[in-house]
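Colleague: I'd like to ask you about the structure that follows.
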Amino acid sequence: ELKKIQERFKGDPAKLQEAQSRLMKENKVSMWGGCLPMLIQWPLFIALFAVFNKLASDGIISGMSFLNPVIPDLAGRNNIILTILTVITMLASAFVTQKSNERTMSEEAKAQSKQMNNMNYIMSLMIGYFTWSSPAALGLYWITGNLFRIVQQLIMSKYEQTNPSPIITASLPEPEVKRRRNKVIRK
116 ELKKIQERFK GDPAKLQEAQ SRLMKENKVS MWGGCLPMLI QWPLFIALFA
166 VFNKLASDGI ISGMSFLNPV IPDLAGRNNI ILTILTVITM LASAFVTQKS
216 NERTMSEEAK AQSKQMNNMN YIMSLMIGYF TWSSPAALGL YWITGNLFRI
266 VQQLIMSKYE QTNPSPIITA SLPEPEVKRR RNKVIRK
């Protein structure tokens, strides 16, 4: 639908913007929808990071293990296996989400999605560094969250395949044709 609107109003940016916003409003889509969850998560992540550091420094989670060879101590840092698992699950989560979204994307959106995928690689490495330098409990939290997101995305993709949501087409006015005025020649 966006592609049709872009073709229809390619000479009139104001009408194009209006038609795009009307289509997004009718389909209940917000351009801020992708950013808002991340903004909400950021203060929670900072708090969680502080809690795990405090629990580790107070010795509360020291000596606790999870799958003993993988995480021998939840307060321990520099766990290479946990760091690798965190990066792998983050990349897998991004891959599953991208592949499920590509089914409904235009070619232009797929190209933009591939650029966004590069950002996912950088983010995965950054989270890997945080996992490496933080208590192991934080890495365990990320791995659990990533596995949950993968399963959730697969379930949602399966549901969307069997019950596709209808796209509401926008009722748009015809683009105005600019009239050429005849020049009057005065003598």
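Count along the sequence shown from 1, then add 115; that gives the number in our numbering. Every residue gets a Cβ at the ideal spot worked out from N, C-alpha and C, and that includes glycine. It should be emphasised that the depicted structure is a prediction, and the values quoted were computed from it without experimental measurement.
DSSP beta-bridge partners for phenylalanine 245?
Modeller: Answer by DSSP bridge pairing: none, since phenylalanine 245 is not bridged.
Colleague: Below 8 Å between beta carbons: does that hold for threonine 246 and threonine 198?
Modeller: In contact: threonine 246 and threonine 198 (Cβ atoms closer than 8 Å).
Colleague: Between Ile265, Ser215, Asn168, Ser208, which lies nearest to proline 279 when the distance is taken from Cα to Cα?
Modeller: With distances taken between Cα atoms, proline 279 lies closest to Ser215.
Colleague: Exposed or buried, which one is proline 158 when buried takes at least 16 other CB atoms within 10 Å?
Modeller: So proline 158 ends up on the exposed side.
Colleague: Classify asparagine 232: buried if its beta carbon has 16 or more other beta carbons within 10 angstroms, exposed otherwise.
Modeller: Asparagine 232 is exposed by the Cβ-count criterion.
Colleague: Below 8 Å between beta carbons: does that hold for serine 239 and valine 202?
Modeller: For serine 239 and valine 202, yes; Cβs fall inside 8 Å.
Colleague: Taking C-alpha atoms, which residue in Phe167, Leu131, Lys143 lies nearest to leucine 255?
Modeller: Looking at the Cα atoms, Phe167 is the closest of the given residues.
Colleague: Does the pairing of the stretch 178-193 with the stretch 250-269 give three or more beta-carbon distances under 8 Å?
Modeller: These segments touch.
Colleague: Going by DSSP, what residues sit across from isoleucine 186 in a beta bridge?
Modeller: Answer is Phe181.
Colleague: Have a look at asparagine 194 and threonine 212 and give me their C-alpha separation to the nearest angstrom.
Modeller: Answer to the nearest angstrom: the Cα atoms are 27 Å apart.
Colleague: If we ignore side chains and look at the alpha-carbon of each, how far apart do alanine 165 and leucine 131 end up?
Modeller: Cα to Cα, alanine 165 sits roughly 46 Å from leucine 131.
Colleague: Helix, strand or coil: how does DSSP classify asparagine 232 here?
Modeller: Helix at asparagine 232.
Colleague: Identify which residue in Gln135, Arg264, Thr277, Leu163 has its Cα closest to the Cα of phenylalanine 210.
Modeller: Taking only the C-alpha atoms, the option nearest phenylalanine 210 is Arg264.
Colleague: Within 10 angstroms of its Cβ, does serine 208 collect 16 or more other Cβ (buried), or is it exposed?
Modeller: Burial call: buried.
Colleague: What's the gap between the Cα of glutamate 217 and the Cα of serine 272?
Modeller: Their Cα atoms are separated by approximately 11 Å.
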